[in-house]
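Just below is one structure, and these are the notes that go with it.
Residue numbers (the numbering used here): 90 to 604.
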């Protein structure tokens, strides 16, 4: 129970401390990545002035980083949802093989547009199938994403090897425009990567799906309590990842005119590195897609620079791959060390946090307002849950429990720890499905509810579980139900921030909704 003596100023300070760390860590990512790119270009240009800073070299880098960029976007979108897709490279190879086999099966001269479209469709179908398989395993069967995607990666590699007998599948001239052509002097694959990143960034920032994905990755339990379709959202993120990987396979086939099951063995590590360097939180709930493009540039510049400087050394390629692993370790370790140092500083300054877990505060009042005569009508129950049973494994949490609430009344549930108060609350709000019983809510009868239906009926619950999203802003936390601030499938963040500001102002809290 909240401390009744807590002042508004103390609440203000608490909210500020909650969001301050996220605000400081999130700001400046774009500037930092831009600075890294500029620094690397300057250093390698000074070391190899006749080779590195040339138009031909930069054009070559633009072609090389395209397929990695699509794979990094694919992994990034699953990371935002709290997962990861390690099968992207295998999916890309299988997609390229599928497209190459379709084109190779055409015996006529040239490659008609219809055959090319079928080949592209085959590649996308491979990515879509892999996305559905990965999403189903992770979201609906609760398989750990690392294990699920490693399993599907192994399966698809085995299938690709069996189909091709380990041989390379070659494409046709029609694919070269996709992988090595120019659009207004810009490499076509790079244009495709930038376009995919822009569409993905808009979707994640403006659509309900994007907001729900951030919520699911930040705090899946709280998202589920809030009526967010977590499973369906995660499934869609893996489908998007598979499609992006399929497009990457088309780019690989077009650039090299060949596809092989063993192509790009280090692409998964590189894609993870780019996604994390771009600010995608590997634990979910945080990250901006457009910064992934800057991270992609910096990693490509580093790789090409090392190859250029150490071109005469036989181990230059191994040095490049070692630099990727070292950079990934630094990216993961530095935030952890910063968090440990901040925690140690707070502990030494304030001492340990008091243990309040044993407090024995009991809510004991039940009030019927005398001015609401209708509330005493026995038929005027807004909530009538009866004969509710609920078990968790072999533990009986609720046994023939009942709860009736009349309009205009205030009730309290009192009982020992483990008596079923929270379980009954979650049953009537749709978080838990009862084993037996009936729930009557606002005149409608349900055998079970969902959080979305419960909320739509006017039943709002503040759970004792930690239900904040620390990776999101104040406005995003206040209006986490995107349906309230959206039009059709998109969200009006201007209205959301304005309503958040008004609500905070009414409580006397001076806090920026963007914090």
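The beta-carbon is built from N, C-alpha and C at its ideal position, and this holds for glycine as well.
{"Asked": "Residue 69 and residue 129 closer than 7 Å at C-beta", "Found": "A question about residue 69 goes unanswered here, because the residues of the chain that appear run from 90 up to 604."}
{"Asked": "Cβ contact (3+ pairs, closer than 8 Å) linking the region 305 to 317 and the region 373 to 381", "Found": "yes"}
{"Asked": "Inter-residue spacing [alpha-carbon to alpha-carbon] between residue 598 and residue 145", "Found": "57 Å"}
{"Asked": "Burial state of residue 459, where buried means 16 or more other Cβ atoms lie within 10 Å", "Found": "For residue 459, the predicted structure reports a pLDDT of 39, less than 50, and the residue's modelled location is therefore unreliable. The matter cannot be settled from this model."}
{"Asked": "DSSP-derived helix/strand/coil call for residue 591", "Found": "helix"}
{"Asked": "Paired residues, beta bridge with residue 36 - DSSP", "Found": "Here the chain comprises residues numbered 90 to 604, so residue 36 is not present and cannot be evaluated."}
{"Asked": "Cβ-Cβ separation, residue 334 to residue 160 (assumed contact under 8 Å), whole Å", "Found": "6 Å"}
{"Asked": "Environment of residue 126 [buried if 16+ CB atoms lie within 10 Å]", "Found": "buried"}
{"Asked": "Residue 481, buried or exposed, once every other Cβ within 10 Å from all chains shown has been counted against 16", "Found": "exposed"}
{"Asked": "Beta-ladder partner(s) of residue 484, from DSSP", "Found": "481"}
{"Asked": "Which residues DSSP lists as bridging residue 276, in chain order", "Found": "271"}
{"Asked": "Contact set for residue 134: own chain, Cβ-Cβ below 7 Å, skip 5 residues either direction", "Found": "141 and 142"}
{"Asked": "First through last residue of the alpha helix (DSSP H) which encompasses residue 306", "Found": "297 to 307"}
{"Asked": "Where residue 287 falls, given that 16 or more other Cβ within 10 Å makes a residue buried", "Found": "exposed"}
{"Asked": "Collapsed DSSP secondary structure at residue 579 in the structure displayed", "Found": "strand"}
{"Asked": "Cut-off 6 Å between Cβ atoms - residues of its own chain near residue 529, not counting five sequence neighbours on either side", "Found": "473"}
{"Asked": "Residue closest to residue 492, alpha-carbon to alpha-carbon, out of 502, 484 and 486", "Found": "502"}
{"Asked": "Uninterrupted alpha helix (DSSP H) stretches inside the region 169 to 218 (no shorter than 4 residues)", "Found": "177 to 193"}
{"Asked": "Contact the region 277 to 284 vs the region 184 to 192: 3+ CB pairs below 8 Å", "Found": "no"}
{"Asked": "Rounded straight-line distance, which links the Cα of residue 220 to that of residue 299", "Found": "17 Å"}
{"Asked": "Identity of the residue in 416, 362, 389 and 378 nearest residue 175 by Cα", "Found": "362"}
{"Asked": "Top-ranked residue by Cα proximity to residue 594, from 580, 275 and 564", "Found": "564"}
{"Asked": "Minimum C-alpha distance to residue 567 - residue among 600, 495, 385 and 511", "Found": "600"}
{"Asked": "Three-state secondary structure (DSSP) of residue 412", "Found": "helix"}
{"Asked": "Cβ-Cβ distance between residue 216 and residue 341 below 7 Å", "Found": "no"}
{"Asked": "Beta bridge counterpart(s) of residue 493 as assigned by DSSP", "Found": "473"}
{"Asked": "N-terminal and C-terminal residue of the alpha helix (DSSP H) that residue 329 is part of", "Found": "319 to 345"}
{"Asked": "Pair within 7 Å by beta-carbon distance, residue 231 and residue 327", "Found": "no"}
{"Asked": "Residue 158 burial status per 10 Å Cβ neighbour count (16 or more: buried)", "Found": "buried"}
{"Asked": "Residue 490 burial status per 10 Å Cβ neighbour count (16 or more: buried)", "Found": "buried"}
{"Asked": "Beta-carbon proximity check, residue 279 vs residue 151, cutoff 7 Å", "Found": "yes"}
{"Asked": "Check whether residue 154 and residue 245 have beta carbons under 7 Å apart", "Found": "no"}
{"Asked": "Boundaries of the alpha helix (DSSP H) in which residue 505 is found, first to last residue", "Found": "Premise fails: residue 505 is in no alpha helix (DSSP H) and is neither H nor E."}
{"Asked": "DSSP-derived helix/strand/coil call for residue 259", "Found": "strand"}
{"Asked": "Burial state of residue 156 (16 or more Cβ within 10 Å)", "Found": "buried"}
{"Asked": "Close-in-space but distant-in-sequence residues of the same chain around residue 248 (CB under 8 Å, 5 per side omitted)", "Found": "183"}
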